[in-house]
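Which chain is which? The protein sequence lines are A and B, in order.
Quick note: to get this note's numbering, add 4 to the position in the first sequence (first position is 1).
Quick note: to get this note's numbering, add 4 to the position in the second sequence (first position is 1).
Encoded as structure tokens, the structure appears first; notes follow it.
There are 2 protein chains.
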Amino acid sequence: MKLASLKGGRDGRLVVVSRDLAWFTDASHIAPTLQAALDRWYVCEGELRGLSESLEHGAVPRERFHEHSAASPLPRAFQWADGSAYVNHVQLVRQARGAEMPESFWTDPLMYQGGSDGFLAPRDPIPLADEAWGCDLEGEVAVVTGDVPMGVDAKAALGHIRLVMLCNDVSLRNLIPGELAKGFGFFQAKPASAFSPVAVTPDELEGWKDGRLSGKLEVELNGAPLGEADAGVHMTFDFGTLIAHAAKTRGLAAGSIIGSGTVSNRGPDGGPGKPIAEGGVGYSCLAEVRTVETILHGAPKTPFLKVGDTVRIEMRDARRHSIFGAIEQEVAAA
Amino acid sequence: MKLASLKGGRDGRLVVVSRDLAWFTDASHIAPTLQAALDRWYVCEGELRGLSESLEHGAVPRERFHEHSAASPLPRAFQWADGSAYVNHVQLVRQARGAEMPESFWTDPLMYQGGSDGFLAPRDPIPLADEAWGCDLEGEVAVVTGDVPMGVDAKAALGHIRLVMLCNDVSLRNLIPGELAKGFGFFQAKPASAFSPVAVTPDELEGWKDGRLSGKLEVELNGAPLGEADAGVHMTFDFGTLIAHAAKTRGLAAGSIIGSGTVSNRGPDGGPGKPIAEGGVGYSCLAEVRTVETILHGAPKTPFLKVGDTVRIEMRDARRHSIFGAIEQEVAAA
Chain A
5 MKLASLKGGR DGRLVVVSRD LAWFTDASHI APTLQAALDR WYVCEGELRG
55 LSESLEHGAV PRERFHEHSA ASPLPRAFQW ADGSAYVNHV QLVRQARGAE
105 MPESFWTDPL MYQGGSDGFL APRDPIPLAD EAWGCDLEGE VAVVTGDVPM
155 GVDAKAALGH IRLVMLCNDV SLRNLIPGEL AKGFGFFQAK PASAFSPVAV
205 TPDELEGWKD GRLSGKLEVE LNGAPLGEAD AGVHMTFDFG TLIAHAAKTR
255 GLAAGSIIGS GTVSNRGPDG GPGKPIAEGG VGYSCLAEVR TVETILHGAP
305 KTPFLKVGDT VRIEMRDARR HSIFGAIEQE VAAA
Chain B
5 MKLASLKGGR DGRLVVVSRD LAWFTDASHI APTLQAALDR WYVCEGELRG
55 LSESLEHGAV PRERFHEHSA ASPLPRAFQW ADGSAYVNHV QLVRQARGAE
105 MPESFWTDPL MYQGGSDGFL APRDPIPLAD EAWGCDLEGE VAVVTGDVPM
155 GVDAKAALGH IRLVMLCNDV SLRNLIPGEL AKGFGFFQAK PASAFSPVAV
205 TPDELEGWKD GRLSGKLEVE LNGAPLGEAD AGVHMTFDFG TLIAHAAKTR
255 GLAAGSIIGS GTVSNRGPDG GPGKPIAEGG VGYSCLAEVR TVETILHGAP
305 KTPFLKVGDT VRIEMRDARR HSIFGAIEQE VAAA
């Protein structure tokens with residue numbers, strides 16, 4: 005089943021989208037918003053799945069689905085907790101600045117509490133007040149949970165995953181060192197993120213297995229391929245482990261979004277891998293490109309995002325059909 | 005005007021409470037929940053104020069208000085961002101562990117993104133799975149904002165404050181060092197917070213001036229006074245400055261909660277001050293008590309909260325009437 009929130013009001017309007025993303029049908033008689041559906045999933049899930057089947061069979065009124073009309077599936081959410089499950093990415097960034105990565109990073113997930121009061125729509129511009137902040141994209145996979153009890157284990161946590169989507173976790177890289185030095189984590193360095201036009205139930209995803217989503221995460225910058233790392237490869241912590249980490253000392257409420265962190269694959273030699281132009285799988289964020297440049301050449305040469313730059317994040321199935329629709333955003337002066 | 009959310013459903017039911025906290029009248033015909041009222045404040049504020057006046061004059065149906073029936077004013081919220089505006093508190097904690105505090109801490113606010121997907125009701129137990137986590141209370145003041153534009157300045161930010169309330173920002177002290185060492189800020193160390201039974205508009209507060217709330221924050225532990233620091237004193241950053249900090253790189257959506265951090269007063273000599281039993285104003289969290297013990301005696305002696313301990317946080321007006329109702333919570337085994 006594929007769900008989306010059409011723009012309108014603070015929480016959008018819930019619709020069911022066809023598997024090929026061509027059509028939608030209104031679902032607001034079941035629940036007005038996706039959050040409302042997640043709040044009463046035990047009732048709404050069956051009704052929404054019935055509607056989804058009817059849509060596939062052409063048995064309900066339908067309209068063309070335009071990704072531009074979609075808000076993020078949860079236009080605002082009660083929780084956005086982003087992990088850093090591709091430890092390769094963390095290790096590279098540390099290596100570039102000559103810092104050791106603690107061994108515990110391979111067993112204890114990194115996770116930060118992100119702002120969730122307003123997400124960008126998947127085709128909305130990224131508002132940027134100052135290019136000197138070092139604006140970056142981060143291509144990620146994210147899941148939406150139901151209610152998760154405190155102390156859940158990683159295996160049981162998988163049963164609480166309701167939906168899967170893609171994310172552009174916008175980051176202001178040049179604000180990060182100062183914030184991290186203060187010790188309270190990210191705040192100004194993490195403005196609003198954007199999620200894919202469509203959120204998909206795990207059973208619908210061929211690449212979903214054991215809490216990981218296999219498939220190339222296609223990341224483009226100004227129309228040129230930047231990354232095509234496989235999200236199912238080198239993900240040290242699966243989503244069950246990330247959810248269990250988040251729920252260690254408190255329950256998570258329905259509609260909590262848990263992110264994977266920047267998708268990142270090691271090269272065949274275990275090293276940082278190569279750009280797509282050199283036969284590698286490339287990178288899902290500019291910080292990693294700059295990190296590899298620093299390791300290889302002593303300094304970064306790729307700049308961060310400037311006003312007018314566009315980024316695109318998408319994943320396709322085996323038949324090259326878009327699974328979640330595309331996040332495509334232009335950086336705009338704020 | 006005083007507002008509360010009676011328990012029921014995920015978001016409670018909006019009521020207007022009388023100034024003396026004795027009565028309430030249903031407000032759900034204006035907005036079903038406080039979040040809904042904040043979403044349409046430009047319409048709802050006037051109607052709610054009219055209802056409040058009618059309640060004071062006995063012109064509408066009313067029922068007895070019981071603080072036990074109240075959820076946190078926003079039982080779940082789209083944002084909880086907690087500052088650390090009483091820099092004295094930060095300086096003491098650093099001093100106890102022999103760390104210098106950077107000078108910038110006096111001019112650049114500390115703020116962390118907290119979890120907001122579910123808050124404890126003001127009289128609900130604090131669920132604690134492991135006493136070794138070092139459970140602590142933190143007595144704070146918090147404000148609820150309307151929509152705040154990105155880049156707002158501190159003065160203009162004051163105009164976006166809709167409501168004021170008290171907070172118990174529950175903290176798991178023994179999990180903090182490990183999390184801060186990882187560099188991504190707090191997560192497991194900050195389980196659900198609780199807010200006062202009633203949220204109050206700034207115009208209703210005698211002690212509200214220039215983005216600070218004057219008045220003794222009465223903090224009790226197991227029925228004995230622990231702190232009575234004045235929340236209007238030694239607050240380095242007013243709420244306007246905290247909101248402007250939060251909104252530097254992104255707007256804040258209506259219903260965002262911004263916290264002051266633990267209320268803390270310096271002693272008359274500029275030092276850490278004394279316990280209430282020794283004629284001082286005491287402390288609003290156990291970490292500060294333990295810090296002062298460490299500075300004076302080389303080691304802490306006051307333990308963190310244990311199962312069965314109760315904490316109470318309240319503020320009274322000049323006539324000793326409770327302004328926000330009391331947060332009163334017992335620590336319970338989870």
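Positions of the beta carbon are idealized from the N, C-alpha and C atoms, including for glycine.
Would residue i count as contacting chain B if we go by Cβ distances under 9 Å?
| i | result |
| --- | --- |
| Tyr46(A) | no |
| Ala193(A) | yes |
| Phe188(A) | yes |
| Phe241(A) | no |
| Asp321(A) | no |
| His93(A) | no |
| Leu18(A) | no |
| Lys249(A) | The sequence as given places His at residue 249(A); Lys does not occur at that position. Chain B contact via Cβ: present. |
| Ser200(A) | no |
| Phe308(A) | no |
| Ala161(A) | no |
Using the beta-carbon count (16 or more within 10 Å), is residue i buried or exposed?
| i | result |
| --- | --- |
| His301(A) | exposed |
| Tyr46(A) | exposed |
| Thr111(A) | exposed |
| Glu292(A) | buried |
| Glu222(A) | buried |
| Asn172(A) | buried |
| Asn226(B) | exposed |
| Asp86(A) | buried |
| Arg324(B) | exposed |
| Ala214(B) | The amino acid occupying residue 214(B) in the given sequence is Asp; Ala does not appear at that position. The residue is exposed, with fewer than 16 neighbouring Cβ atoms inside 10 Å. |
| Gly219(A) | buried |
| Lys159(A) | exposed |
| Pro307(B) | exposed |
How far does the beta strand (DSSP E) with residue i in it reach, from first residue to last?
| i | result |
| --- | --- |
| Trp84(B) | Gln83 to Gly87 |
| Ile130(B) | Ile130 to Leu132 |
| Trp45(B) | Looking at the DSSP string, Trp45(B) is not in any beta strand (DSSP E); the run it does join, the alpha helix (DSSP H), is Trp45 to Glu60. |
| Leu230(A) | Ala228 to Asp234 |
For residue i and chain A, any beta-carbon pair shorter than 9 Å?
| i | result |
| --- | --- |
| Thr253(B) | yes |
| Met169(B) | no |
| Pro106(B) | yes |
| Leu300(B) | no |
| Phe328(B) | no |
| Asp112(B) | yes |
| Ser411(B) | A question about residue 411(B) goes unanswered here, because the residues of chain B that appear run from 5 up to 338. |
| Ala75(B) | no |
| Leu179(B) | yes |
| Ala100(B) | no |
| Ala203(B) | no |
| Phe28(B) | no |
| Ala125(B) | no |
Along the chain, where does the alpha helix (DSSP H) that runs through residue i open and close?
| i | result |
| --- | --- |
| Ala250(B) | Phe243 to Ala250 |
| Val91(A) | Val91 to Ala100 |
| Glu4(A) | The requested residue 4(A) is not part of the displayed model; chain A covers only 5 to 338. |
| Ala185(A) | Ile180 to Lys186 |
At a CB-CB cut-off below 8 Å, which residues of chain B make contact with residue i?
| i | result |
| --- | --- |
| Phe82(A) | Arg80, Ala81, Phe82, Ser120, Asp121 and Gly122 |
Please find out if some non-hydrogen atom of the ligand ATP comes closer than 8 Å to the beta-carbon of residue i.
| i | result |
| --- | --- |
| Arg23(B) | Ligands displayed in this structure: none; no statement on the ligand ATP is therefore possible. |
Going along chain A in order, which residues have a C-beta closer than 8 Å to the C-beta of residue i?
| i | result |
| --- | --- |
| Tyr116(B) | Gln117, Phe188, Gly189 and Phe191 |
| Pro36(B) | Within 8 Å Cβ-Cβ: nothing; Pro36(B) doesn't reach chain A, min ~12 Å. |
| Trp137(B) | Thr253 |
Given that residue i touches chain B, what residues does it touch there, using C-beta distances under 7 Å?
| i | result |
| --- | --- |
| Asp43(A) | Arg14 |
Using the beta-carbon of each residue, which ones in chain A are nearer than 9 Å to residue i?
| i | result |
| --- | --- |
| Met154(B) | Pro131, Ala133, Pro195 and Ala338 |
| Leu176(B) | Thr253 |
| Leu25(B) | Correct list: empty, because the minimum Cβ distance to chain A is about 28 Å. |
| Leu184(B) | Gly187, Phe188 and Gly189 |
Could you check whether the Cβ of residue i sits closer than 9 Å to any Cβ belonging to chain D?
| i | result |
| --- | --- |
| Glu232(A) | Of the protein chains in this structure, namely A and B, none is chain D. |
Scan the stretch 253–286 of chain B for residues whose Cβ lies nearer than 7 Å to a Cβ of chain A and list them as they occur along the chain.
-> Thr253, Arg254, Gly255, Leu256, Ala257 and Ser260
Residues in the stretch 210–225 of chain B having any Cβ partner in chain A nearer than 7 Å = Residues: none.
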